[in-house]
Every structure is written in C-alpha cells, then in structure tokens.
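In this text, residue positions in the sequence shown follow my numbering: the first is 3, and each later residue adds one.
Glycine included, C-beta positions come from ideal geometry on N, C-alpha and C.
Here the structure is a predicted model, which means the values were calculated and not measured.
Have a look at the structure below before the remarks.
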Amino acid sequence: MKVLQVILALSVLILIHELGHFVFAKIFRIRVEKFYLFFDAGFALFRFKPKNSDTEYGIGWLPLGGYCKISGMVDESLDTEALKSEPKPWEFRSKPAWQRLLVMSGGVLFNFIFAIIVYIGIMAGWGETYISNEDNSIYVNELAYEMGFRNGDRILKFDEYTPERFEMLQADMARKTAEKATVLRDGDTVNIYIDQKMIGDVLNSPGMFDLAIPFVVDTIPASSPNHAVGLMKGDRITAIDGHPIEFLQDSRHLLADYGGKNTELTVVRGLDTLQVPVQVDTNGLLGIYASIPGVKTKSYNLLTAIPAGIRHTFSSIGGYIQDLKLVFTPSTEAYKSVGSFIAMGQIFPGAWDWYRFLNILALLSIMLGVMNLIPIPALDGGHIVFTLYEMITGKKPSDKFLTVAQMIGMALLLGLMILAFGNDIGRLVR
C-alpha cells in the first residue's frame, strides 16, 4: 500500500508540474514535442500521438520524474540538433524573454496552485485539527535529554518565538536555529541553551518531543479485558502495582512486565484514591484509551476554507524554504536528513486514508515546487535565473553555454540523488 501511494502521488505531482510548462507553452504557441510521465530513454511503455497534433504523449519506463520536451529549448534530453538551424517561430528560443520566463515558471506555479486547491478541500471537508502547545508538556527522547530538556517541561519560547502547534516544536527549533529554549519546569522558568552543532542531530532524530500524556481514562471499548472492572471516564491512573507513573509513556515498560497477567492500578477519582484490579493482555496493554490533551479543531465552510488553504500553503512553503536553507548549511549537517523515494514511502500510512494521503500529497507538491526553484541549471530555477539575467542585462546566454550548464546541473542532481539514496540505505542499516 505504501508503494502504491508513492507511485500514485509522484505520478499526480509530475503530471501537474509538467502540465504547467505545457499550458504556458501552448498559450504562447510554442510547439511541445513530447509530454511524458517518467523518462522513456529510448523505450516507452506507452505512447500515442493524436492526429493533427505536434505532441507525442507517453509513459516512460524510468520512474525518476517526467518531462515536457519543448521545441528549441535546452533541457534534460540534451538534444541540440534542432539548435543548429535558425530559430523557428514556434520554438521556445524565438519567443520574448517574459514568455519564456512564464513557461519555465509554469511547473512551480501549478504545484503551488494544486497545493492550495488540495488544502482548501481538506479544510472544507475535515477542518483543521492540531495539538496546541499551550499548557502541554513534552516527553523527551535521549537527544532531547542530552540537550537539557526533561519530561514534563512546557516549552514557552525558542529565542523570542512563541510556538503555537505542539507537533511543530522540533521543526520550529531546527528551522529557526534557535539558540535558547525557555521552558516551564516545576513552576520555574528555565533557559536551555542549544548547541548549534546539534541541529543536524535534531533533524535526524524523529520524536524528540513526544506529547507528555497524563494517564487519564477516556474510553474503554467493549472488547477490552478491563471493560467492566469499574474504571470511569476521567479517572487518572497514578501507579501500577505500587510503581508511580506521571505520564502514559511511563506505563509502557511497567505493563510490558505484566503481559498476560493481572495487576493493580492506583486511580484518583475526584477526591478519592482507589485500587482497581486489572488484566494486562499478552501485548502488555490494558485496552484503555487515554484522553489526549490540547486537541483543537477549526471548522470551515467552502468560503472560509479558501483563505485558510492559501494561508496554510504559503506557511508550508516558508517552512520548507527554511529546511532547504539548513540543508545547504554544512555546519548543521542537515544534509544527512535528505531522503529519496524510500524515505518518502515511510511517511505514507500502511492503510488507505484519504485525509492523510491528501495532506501528504499537498506537502509533496509544495516540496516539488520549492525544489525546482533551486538555481541549478537542470532545474526550473536555473532556467529562470538565466532568463532573468537576460531580461535585466539584455544579453541572452548562448546555446553552448546553456548546454554546458545543463550538463553540470544534471551532474549535481545525480550527486544529490546518490546522497539521498545513501542516507536512506544508511538509516535502514542502522
């Protein structure tokens, strides 16, 4: 299911991106020779050319992207034969710089528009649900503990920034390269100074700040072995067989020792403290759902979902640009977090879930758009930079220069792909 979702998501996003180039090329009457999902590299799984059309449509065999081959343009195909003749009226190179700029920007523009549309649909259909950082505490992993954070800390600020969403705490700390975290600990305000050399570790250590969940009973399903033991909604479990626990996470290693056995819970109910006998299943679970604190949901209708979707899209774009800034800052070692299709597959759920799939699809569309704005010649960003240079200086780069730049850009992209696959393989081995 994960593999199918990756293939489906990539196929949709590649088509959307290339459609952006295609539409603007057609608007300016530029001939499009090929429109392909995936690369054919001499062999296509499927191809057809409509009657009276200049464009061949197809599906290639190499699933590393897709392309829209535009006449008279130096692209990833490195086909320079057509460039040896005089420019034709229908060719890319014969058009004004502003038209060429729009053709090259079309893919990124369509990716961002697509993300906006998807987010509007999500907001209108499901609303916006998140865990508020206000009044919620963290449960730390080894890295967070090493940096000075402790279970039960409530993060107030990173430098002067006040985080709103709990699930974004780790990303906020990394993106803002925060030098200081202000936390509330046992009623006192404590400053934790962050070693900037550890930002790379932050990006490569998921789950630094888990939500510290008080073990308060929410529901007990009928299938639970403890459905009728007398526990009630709102009961707070404070000890297991006499061992005190503060948070739900504290119970896990204790319950693992009682798998398939009976034990006793200390429960606080109002002003009373009770002892409740319970059964632990063979997986070390009680079959009890705990209350999740601080969950907030914003509801939207179709009209209010439009500005919410636009706002969320631009916020995500800004966040991903900050991520890329970290990647290209060697001192942070953020490049170690770069991943390939393997890492992408891990973020999809194991079962089909429209809400999660659409959220991931919109985010990947933003990532694809931002990535293509990087000023590497083989990417849209490189072509955009050359076109802007021409518009500002009035000097157009030669076809030979563009061809060499394209080859250099493709070599850089190949290196980036090797880095991404290497990181993923290294993580799998570890």
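Query, Result
"So who's on the other strand from G62, going by DSSP bridges?", "A46"
"Quick one: what's got a C-beta closer than 7 Å to A230's C-beta in the same chain, skipping five residues either side?", "none"
"How should G62 be labelled, buried or exposed, when 16 other C-beta atoms within 10 angstroms of its C-beta is the threshold for buried?", "buried"
"Looking only at its own chain, which residues have a Cβ that is under 7 Å from the Cβ of G428, when we skip the five neighbours before and after it?", "none"
"Please classify F48: is it buried, with 16 or more other beta-carbons within 10 angstroms of its beta-carbon, or exposed?", "exposed"
"Along the alpha helix (DSSP H) that carries A422, what are the first and last residues, could you check?", "D401 to V431"
"Checking 9 Å against the spacing of the C-beta atoms, do G371 and P377 come in under that value?", "no"
"Fully enclosed by the region 308-379, which beta strand (DSSP E) runs are 3 residues long or longer?", "none"
"Starting from the C-beta of V204, find all residues in its chain whose C-beta is less than 6 Å away, skip the five residues before and the five after it, and write them out in chain order.", "A176"
"Pick from N193, S134 and N138: whose alpha carbon is nearest that of G150?", "N193"
"Assuming L328 and I201 make a contact with CB atoms under 8 Å, what is their CB distance in whole Å?", "7 Å"
"In its own chain, which residues sit with a C-beta less than 7 Å from the C-beta of L365, not counting the 5 before and 5 after it?", "S318"
"How big is the Cα-Cα spacing for D42 and K51?", "15 Å"
"Is the separation between the beta-carbon of N228 and that of V185 shorter than 9 Å?", "no"
"Is the beta carbon of A11 less than 9 Å from the beta carbon of F359?", "yes"
"Would you give the residue range spanned by the alpha helix (DSSP H) that D395 belongs to?", "Note on identity: in this sequence residue 395 is Thr, with Asp being the wrong assignment. Run containing T395: D382 to T395, per the alpha helix (DSSP H) assignment."
"Please classify S253: is it buried, with 16 or more other beta-carbons within 10 angstroms of its beta-carbon, or exposed?", "buried"
"Could you tell me which of E181, T57, M210 and A126 sits nearest to G311, measuring between CA atoms?", "A126"
"In or out: P309 buried (at least 16 other Cβ within 10 Å) or exposed?", "exposed"
"Can you round the beta-carbon distance between R187 and N135 to whole angstroms, since I take them to be within the 8 Å contact cut?", "No, R187 and N135 are not in contact; Cβ-Cβ is about 15 Å, not under 8 Å."
"From M180 to R156, what distance separates their C-alpha atoms?", "The question names Met, but residue 180 is Ala in the sequence shown. In a straight line, the C-alpha of A180 is about 16 Å away from that of R156."
"Who are the near neighbours of T284 in its chain, counting only those whose CB is closer than 6 Å to its CB and skipping five residues on each side?", "G261 and G262"
"For the 8 Å Cβ check, are there 3 or more pairs between the region 94-103 and the region 343-351?", "no"
"Start and end of the alpha helix (DSSP H) containing D190?", "Where D190 is concerned, there is no enclosing alpha helix (DSSP H), although the beta strand (DSSP E) it sits in stretches over D190 to Y195."
"For E20, is the classification buried or exposed, using 16 other Cβ atoms within 10 angstroms of its Cβ as the cut-off for buried?", "buried"
"So, for T221: in the same chain, excluding its five sequence neighbours on each side, which residues have a beta-carbon less than 6 Å away from its beta-carbon?", "Y291"
"Using CA coordinates, which residue listed in L103, G209, V110 and A117 is at the minimum distance from Y141?", "G209"
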